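> Sharing a structure, written as structure tokens. Questions coming.
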Amino acid sequence: MPPSLEELASLIKEVQIDARRAETPDELAQAKARALGGRGFLKSALSQIKDLAPEERKAYGQQLNAYKDELEEYFRRRADEISAAAKAKAEFFDGSLPGTRVQMGRLHPIRAAMRHIVDIFVSMGFDVFTGPEMEYEKYNFDLLNIPQYHPARDDMDTFFILPGLVLRTHTSPVQVRVMEKIRKREDVIVQMISPGRVFRRDRPDATHTPCFHQVEGLQVGRGISMANMRWILDEFARKFFGPETRTRLRPDYFPFVEPGAELAVTCSMCEGKGCRVCKETGWIEVMGCGMVHPQVLLNVDISPDDYSGWAFGFGVERMAQVLYQVPDARMFFENDMRFLRQFS
Ligand SMILES: [Zn+2]
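Shown next as structure tokens:
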């Protein structure tokens, strides 16, 4: 005998409760199979209709179909609700939760300092040139008035690659390469800087690394004097180290300039009063500079009678050390993220 209609009604209630509790399409399908599947109770009731008295069969069958339609509709609605809930859950955004941290890349402090330096000179009308890191001795030394056996060659412990080829020990050869090409056109014929890597066979210590960065600068034209140099370098120092910065020039020797000078800036730690950082002098030396040696101009066929120029060169690590108060240049190359993260 098939279950009575009351029994069926209560079975259907149970299945609907299960359907309401179902949270996934799988759970819903299980509940649905219990009622409407091949072995579900509606199917089995249908197959037992023949056991009923003939006059009961029609009413029972009609009620069975009504239950079947009702349940199918119920499961369709429930399936829509479940998929809508899943979609809402996937799209849910809680603005009060902490965000997912994204690891941001950043510029290395030396790269950042280099870009800052370049921007300052570009803003004053300087062009930017680069040159090869592997350089002919001719450009690295000879044309810069450092002939073979000149003692200045000993000051720059050089990596020799092949006869006549070195890893450049400074960015100054770029000056020569530019002057060779750009000549005698206007009043100011060259106004350039050259940033880049340079190499010296130095034992690493607090102020030396075998590879470091330099920025070289050059201005050549008619009537260019040390006053032009002073103004530009003052302007640069104020823009790089801060508006209160003052500069001081003192005589120094470099083979490719005459007269040569060393430029110091006021110590930012003590504002020139004297402290440990500036060794109580109030000044920190940051670069070499001077009027381009007439021989260097002659070497590239520029007449020193008609033209004059000044040049400077400095180490970017040194500048960054002074600016950021970094005690040891090696820290820039150790890639300790705790150190590097302090610069943005
Ligand atoms: Zn100081």
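Per the working numbering, numbering through the sequence shown is continuous, rising by one, with the last residue being 325. Built from N, CA and C at the ideal position, the CB exists for glycine as well. Bear in mind the structure is a predicted one, so any value in this text is a computation, not a measurement.
#1: Rounded to whole angstroms, what's the CA-CA distance from residue 139 to residue 182? Just pull it up for me.
#2: What is the rounded straight-line gap between the Cα of residue 210 and the Cα of residue 244?
#3: Buried or exposed: which applies to residue 69, given that a residue is buried once 16 or more other Cβ atoms fall within 10 Å of its Cβ?
#4: What are the start and end residues of the alpha helix (DSSP H) that includes residue -10?
#5: Which residues have their C-beta within less than 5 angstroms of a heavy atom of ligand 1, listed in chain order?
#6: Under a three-way DSSP split, which group does residue 86 fall into?
#7: Could you tell me which of 25, 9, 31, 253 sits nearest to residue 62, measuring between CA atoms?
#8: Answer with buried or exposed for residue 95, where buried requires no fewer than 16 other C-beta atoms within 10 angstroms of its C-beta.
#9: Can the beta-carbon of residue 222 be found less than 8 angstroms from the beta-carbon of residue 274?
#10: Counting only the same chain and skipping the five closest in sequence on each side, list residues whose C-beta sits under 6 angstroms from that of residue 293.
#11: Below 8 angstroms between beta carbons: does that hold for residue 152 and residue 195?
#12: Could you work out which residue in 154, 73, 322, 315 is closest to residue 186 when comparing CA atoms only?
#13: Using only the alpha-carbon positions, how far apart do residue 242 and residue 323 sit?
#14: Taking the beta strand (DSSP E) that residue 221 belongs to, which residues open and close that run?
#15: Give the DSSP-derived three-state secondary structure of residue 178 in the structure shown.
#16: Tell me which residues share the same chain as residue 189 and place their Cβ nearer than 6 angstroms to its Cβ, disregarding the 5 neighbours each side in the sequence.
#17: Based on the DSSP secondary-structure assignment, which residues constitute the bridge partners of residue 77?
#18: My output table needs one value for residue 307: the three-state DSSP class, helix, strand or coil.
#19: Going by CA-CA distance only, name the one from 107, 105, 157 that's closest to residue 117.
#20: Quick one: Cα of residue 105 to Cα of residue 150, how far?
#21: Closest to residue 193 by CA distance: which of 281, 311, 67 is it?
#22: Quick check on the DSSP output: the alpha helix (DSSP H) that includes residue 158 runs from which residue to which?
#23: Residues in its own chain within less than 8 angstroms of residue 298 by CB, not counting five upstream and five downstream?
#24: DSSP puts residue 272 in a beta bridge; with which residues?
#25: What do you reckon, are the CB atoms on residue 23 and residue 48 nearer than 8 angstroms?
#26: Tell me which residue opens and which closes the alpha helix (DSSP H) that residue 132 is part of.
#27: For residue 106, which beta-bridge partners are listed by DSSP?
#28: Just the Cα atoms here: how many angstroms apart are residue 145 and residue 289?
#29: Please state the DSSP three-state secondary structure of residue 200.
This is what the structure gives:
#1: Residue 139 sits at position 158 when you count from the first residue of the sequence shown. Residue 182 sits at position 201 when you count from the first residue of the sequence shown. Roughly 6 angstroms separates the two Cα atoms.
#2: The residue given as residue 210 occupies position 229 in the sequence shown. The residue given as residue 244 occupies position 263 in the sequence shown. Just so you know, the alpha carbons of residue 210 and residue 244 end up roughly 11 angstroms apart.
#3: Taking the first residue of the sequence shown as 1, we reach residue 69 at position 88. Classification of residue 69: exposed, given that the 10 Å Cβ count is below 16.
#4: Locating residue -10 in the sequence shown gives position 9, counting from the first residue. Element bounds for residue -10: -14 to 2.
#5: 248, 250, 251, 256, 258, 259
#6: As a first step, residue 86 must be located in the sequence shown, where it is residue number 105. In the structure shown, residue 86 sits in coil (DSSP, three-state: anything other than H, G, I, E or B).
#7: The residue given as residue 62 occupies position 81 in the sequence shown. Relative to residue 62, the option among 25, 9, 31, 253 whose CA is nearest is 9.
#8: If you number the sequence shown from 1, residue 95 lands on position 114. Looking at its Cβ environment, which holds 16 or more other Cβ atoms inside 10 Å, residue 95 is buried.
#9: Position 241 of the sequence shown, counted from the start, is the residue given in the question as residue 222. Position 293 of the sequence shown, counted from the start, is the residue given in the question as residue 274. No, the Cβ-Cβ distance between residue 222 and residue 274 is not below 8 angstroms.
#10: For the purposes of this step, residue 293 is taken as residue 312 along the sequence shown, with counting starting at 1. If we look at residue 293 and ignore the five residues flanking it on each side, its Cβ neighbours are 198, 268, 270.
#11: The residue you call residue 152 lines up with position 171 of the sequence shown. The residue you call residue 195 lines up with position 214 of the sequence shown. In this structure, residue 195 lies closer than 8 angstroms to residue 152 by Cβ.
#12: Here residue 186 is taken as the residue at index 205 of the sequence shown, counted from 1. Among 154, 73, 322, 315, the Cα nearest to that of residue 186 belongs to 315.
#13: Residue 242 sits at position 261 when you count from the first residue of the sequence shown. Residue 323 sits at position 342 when you count from the first residue of the sequence shown. Distance between residue 242 and residue 323, taken at the CA atoms: about 34 angstroms.
#14: For the purposes of this step, residue 221 is taken as the residue at position 240 of the sequence shown. Looking at the DSSP string, residue 221 is not in any beta strand (DSSP E); the run it does join, the alpha helix (DSSP H), is 207 to 222.
#15: On the sequence shown, residue 178 is found 197 positions in, with the first residue counted as 1. Residue 178 falls in the strand class under three-state DSSP.
#16: As a first step, residue 189 must be located in the sequence shown, where it is residue number 208. Only 183 meet the Cβ criterion.
#17: In the sequence shown, counting from the first residue as 1, residue 77 sits at position 96. In the DSSP output, where bridge partners are listed per residue, residue 77 has none listed.
#18: Against the sequence shown, residue 307 aligns to sequence position 326. The answer is coil: DSSP assigns residue 307 none of H, G, I, E or B.
#19: Counting from one through the sequence shown, the residue named residue 117 turns up at place 136. Minimum Cα distance to residue 117 is reached at 157.
#20: For the purposes of this step, residue 105 is identified with residue 124 of the sequence shown, where counting begins at 1. For the purposes of this step, residue 150 is identified with residue 169 of the sequence shown, where counting begins at 1. In a straight line, the C-alpha of residue 105 is about 27 angstroms away from that of residue 150.
#21: As a working note, residue 193 is residue 212 in the sequence shown. Closest option to residue 193, Cα to Cα, is 311.
#22: Within the sequence shown, the letter at position 177 stands for residue 158. Segment 153 to 162, the alpha helix (DSSP H) holding residue 158.
#23: Walking along the sequence shown from the start, residue 298 turns up at place 317. Here the set comprises 91, 190, 193, 194, 310, 313.
#24: Within the sequence shown, numbered from 1, the residue matching residue 272 stands at position 291. DSSP output for residue 272 lists 291 as bridge partner(s).
#25: As a first step, residue 23 must be located in the sequence shown, where it is residue number 42. As a first step, residue 48 must be located in the sequence shown, where it is residue number 67. Yes, they are a contact pair.
#26: Within the sequence shown, numbered from 1, the residue matching residue 132 stands at position 151. Residue 132 -> alpha helix (DSSP H) spans 132 to 136.
#27: For this step, residue 106 is matched to residue 125 along the sequence shown. Residue 106 pairs with nothing; no bridge assigned.
#28: The residue you call residue 145 lines up with position 164 of the sequence shown. The residue you call residue 289 lines up with position 308 of the sequence shown. Going by C-alpha positions, residue 145 is about 29 angstroms away from residue 289.
#29: For the purposes of this step, residue 200 is taken as the residue at position 219 of the sequence shown. Three-state DSSP puts residue 200 in a strand.
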